[in-house]
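Going by the numbering used here, the first residue of the sequence shown is number 412, and it counts up by one from there. Worksheet: one structure, shown below.
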Amino acid sequence: MKRKHIVRLSDILDQIQSYLPGCDTYLVEKAYVYAAKAHANQIRRSGEPYLSHPLAVAYILALMKLDLPTIAAGLLHDTVEDTDISIQDLEQIFGKEVAEIVDGVTKISSLPLKGKIYKEAENFRKMILAMANDLRVVLVKLADRLHNMRTLEFQPEHKRQRIARETLEIYAPLASRLGIDWIKQELEDLSFMYLYPEEYRKLKQEVEKVVAARQNFIEEVIQILKDILKREGIEGRILGRRKHLYSIFRKLQRNNLSTDELYLIYDIIGLRVIVKEIKECYEVLGIIHSLWRPIPGRFKDYISLPKPNMYQSLHTTVIGPGGRQMEVQIRTEEMDRIANEGIAAHWLYKEQKIISADSAKSHQFEWLKRLVELQKELKNPREFIESLRMDLFPDEVYVFTPNGDIKVLPRGATPIDFAYTIHTEVGHHCTRAKVNGRLVPLDYQLETGDIVEIVTSANQRPRRDWLKFVKTGRARSRIRQWLKREEHERIMITGREILDKEFRKYKSSIGVFLDSPQAQKVAKAFSFKSVEDLILAVGFGRLTPSQVVRKFLHSQEEKKAPEEDLENITRKATITEKSDEIFSVAGEHGLLFHLSRCCNPIPGDEVIGYITRGRGITVHRIDCPNLKTLDPERRIEVSWETNDGAVYPARIAVFTMDKKGMLAAISSAISASEANILQADVKTTPDKKAIFHFLVEVSDKGHLDRIFTNVKQIEGVIRVQRLLS
Ligand code: MN
């Protein structure tokens, strides 16, 4: 792991020629000469000339196959911090691009990463990404940190601990987020070695024993698979793969195991099958599952649903020869390259399609998606690099409190959102806001780096129009809660007034009613918990005042109240807006709707509402078996209104013949119907059939019907069925 030999300029140039053959490396050579002069009289703690460090950093960047300005910046990255050279000097000699990368690296190095770092590691990571404004800055910083970790032994003990901790908390996760697996693993293992030397040494020994013991087994399995691939005419590579030490350590910790219980972890060594095409991944999966029994719940399809860092692969765990569990990963060459090199792989292989349009659709990280799209449109690689320089986090902004704490907010968030993240009361009473010392309107959109100060007033209250511009769920729900409470009070007053008017027709009054022992009974008769709920229902218009008064008079005469006609209390309501599970209803105020989880209704389904006690109205499918157990008196008619853009989960089962490629065929039929797959899972039956379960996201019933039509057309599909939940 330690690379003791000193990197020379020629090593870097050779490596560059290997992936950019014939290119002019003058910029890198010039940077080398300049860095050599700038660091001429400096020595590292290791006793080596200082220049060995920027050389090593530049070499790591060349291993990551980065462009020339990045490698030049790697050579120059410490010149501004450690010598009297300025960014302007660099810009004059090397141009704006190189100077900006060095500037970014210098800024990150001077961040006050102290004290709070462990509590706010995630925010610091994001801050670094947001500050960088150019992913290449982060890549240079990672290479810098990697070499510093490789040479950490020369630092004094207290510094070793701090740097190793910082690496583990900040830089290894950054490498992971950018999908550069080899850097993440090396950073983790080096940090592990310095932070927990005892555990590291012991685990290393034990793992080597396990690896030696399983060697024959793995080779046997590799041979079996090689033969089969050959027979099936699939071209591919099969590798034994070993988990890196720190991830084994974490797994032991997560499962409360000691190093002596290492044998309980079955995936220390696994297999990786690398083929040419996506289709073949599923074919190989089918072959493996037919050879060895898969362990339920261990199959993961990161091809249909890539990880946020673009990782794609199929994972499955099977019971291999001799009843021994083993994990197998199946992916294409391209997926393997992205798993190793991450985001860095993108601009180099720009002519190739990186991820298919379908999988890009389901991608969570908007910025990555946009990068990939941009990359297809742009002809010139320079333009692509330009596009890396903005919007690393189009979804988030990072702002400071006056004390210098970082708050993360969604893009478009306003001072009101900020106020509610400080405290609910600060939100409720927010009257004015200052950004960077200047007064701004309350719907001002915050930007990364803003320092935000909130002015409160005891007289201020939340306003309904705030809901039009707040961006965070927290602010929205707090404002709604407040408005609901206020509305509740208003509706109580209305309910009392309406009832009082009705009582007066019978020469009585609401006061008489409330004081009478029958009030509680009347509430019960209408299935309300309390008299207050009864009055609310009248205020909402769910119950007419005459129903209440009649029931009251009947109960006074100690007669049985006549059966209420269900028609009278069933009112039409329309679902108009889905947000935080709250629906507003035409003609009604503030009714709370939930889609019931027992039957997952989607727009277009025939539905019926059920008035719950205190949790608003639950919407069920008309064929939901649970409906039968619910009080018919509390049913209410509801209907859907079109709901642009919203998607709903639906569970489906596909019954098929058990043959190769079914999962791939069904997945692509679903994707072709423009639906996301949230979960997929398969069981085979003894009679050579397979049942696939999918959780998909659809916009409505018609959408689901289209999926059904497409899936039914696949040869081998016997039946498709919607499931309740
Ligand atoms: Mn450095």
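Glycine included, each C-beta is placed from N, C-alpha and C at the ideal position.
| query | Unbroken beta strand (DSSP E) runs of length 3 or more, entirely within the segment 613–665: which are they? | reply | 647–653
| task | Return the residue from the list PHE939, SER927, ARG556, ILE1077 that minimises the CA-CA distance to LYS1123. | result | Looking at the Cα atoms, ILE1077 is the closest of the given residues.
| query | Would you say ILE454 and ALA469 are within 8 Å of each other, going by their C-beta atoms? | reply | no
| field | Straight-line gap, GLU744 to ARG648 (C-alpha atoms, nearest Å) | value | 9 Å
| Skipping 5 residues on each side, what residues in its chain have a beta carbon closer than 7 Å to that of LYS718? | Contacts found: none.
| Runs of alpha helix (DSSP H) wholly within the segment 1008–1033 (minimum 4 residues, chain order) | none
| message | Is the beta carbon of LEU853 closer than 8 Å to that of THR825? | response | yes
| How is the alpha helix (DSSP H) around PRO821 delimited, first residue to last? | Here PRO821 belongs to no alpha helix (DSSP H); instead the beta strand (DSSP E) covers 817–821.
| Rounded straight-line distance, which links the Cα of VAL863 to that of ASN814 | 10 Å
| task | Report all residues for which the CB-ligand distance to some heavy atom of the ligand MN is below 6 Å; order them along the chain. | result | HIS464, HIS488, ASP489, ASP555
| request: Verify whether the separation of the beta carbon atoms of ILE1013 and LYS1112 is less than 8 Å. | output: yes
| query | Looking only at DSSP bridge pairs, what is GLY848 linked to? | reply | Paired residues: none, contrary to the question.
| said: Please report the distance separating the alpha-carbon of ILE749 from that of TYR722. | reply: Approximately 7 Å, taken between the alpha carbons.
| request: Within its chain, find whatever has a CB closer than 7 Å to the CB of ARG709; leave out the 5 residues flanking it on each side and keep chain order. | output: THR727, THR728
| field | the segment 1125–1133 in contact with the segment 733–744 per 3-pair CB rule at 8 Å | value | no
| query | If you drop the 5 nearest sequence neighbours on each side, which residues of the same chain put their C-beta closer than 6 Å to that of PHE565? | reply | ARG456, SER457
| query | Using the rule of at least 16 other Cβ atoms within 10 Å of the residue's Cβ for burial, across every protein chain shown, is CYS692 buried or exposed? | reply | buried
| request: Could you check what DSSP says for LEU673 in three-state terms: helix, strand or coil? | output: helix
| Just checking, does the segment 484–501 make contact with the segment 558–575 on the three C-beta pairs under 8 Å criterion? | no
| task | Give the DSSP-derived three-state secondary structure of ASP712 in the structure shown. | result | strand
| query | Would a check of beta-carbon distances place ILE698 closer than 8 Å to chain D? | reply | Checking the listed chains, one finds no chain D in this structure; it contains a single protein chain.
| Buried or exposed (CB count within 10 angstroms, at least 16 for buried), LEU546 | Its Cβ being crowded by 16 or more others within 10 Å, LEU546 is buried.
| query | For the beta strand (DSSP E) that LYS1100 lies in, which residues bound it at each end? | reply | 1100–1109
| task | Between the Cα of LYS894 and those of ASP876, LEU1074, SER715, spot the shortest distance and give me the residue it belongs to. | result | Per the sequence shown, residue 894 should be read as Leu rather than Lys. For the residues ASP876, LEU1074, SER715, the minimum Cα distance to LEU894 belongs to ASP876.
| field | Nearest-angstrom Cβ-Cβ length linking LEU1089 and VAL1107, presumed shorter than 8 Å | value | 7 Å
| Nearest to ARG576 by CA position, among ALA451, PHE811, LEU598, is which residue? | LEU598
| query | How many angstroms separate the CA atom of ASN666 from the CA atom of PRO567? | reply | Spanning the two alpha carbons is a distance of roughly 34 Å.
| message | For ALA449 and LYS615, what's the separation of their Cα atoms in angstroms? | response | 41 Å
| said: Just verifying my parser: in three-state terms, what is the DSSP assignment at TYR809? | reply: strand
| query | What residue from GLU752, PRO956, GLY906, ASP478 has the CA that sits closest to LYS916's CA? | reply | PRO956
| query | In three-state DSSP terms, what is ASP1092? | reply | strand
| message | Just to confirm, is the Cβ distance from GLN572 to LEU601 under 8 Å? | response | no
| query | What do you get for CYS1035, buried or exposed, if any count of 16 or more other CB atoms within 10 angstroms of its CB means buried? | reply | buried
| message | Quick test of the definition: if touching needs 3 or more C-beta pairs under 8 Å, does the segment 617–632 touch the segment 669–676? | response | yes
| said: I'd like the span of the beta strand (DSSP E) that includes ARG683, first residue to last. | reply: 680–686
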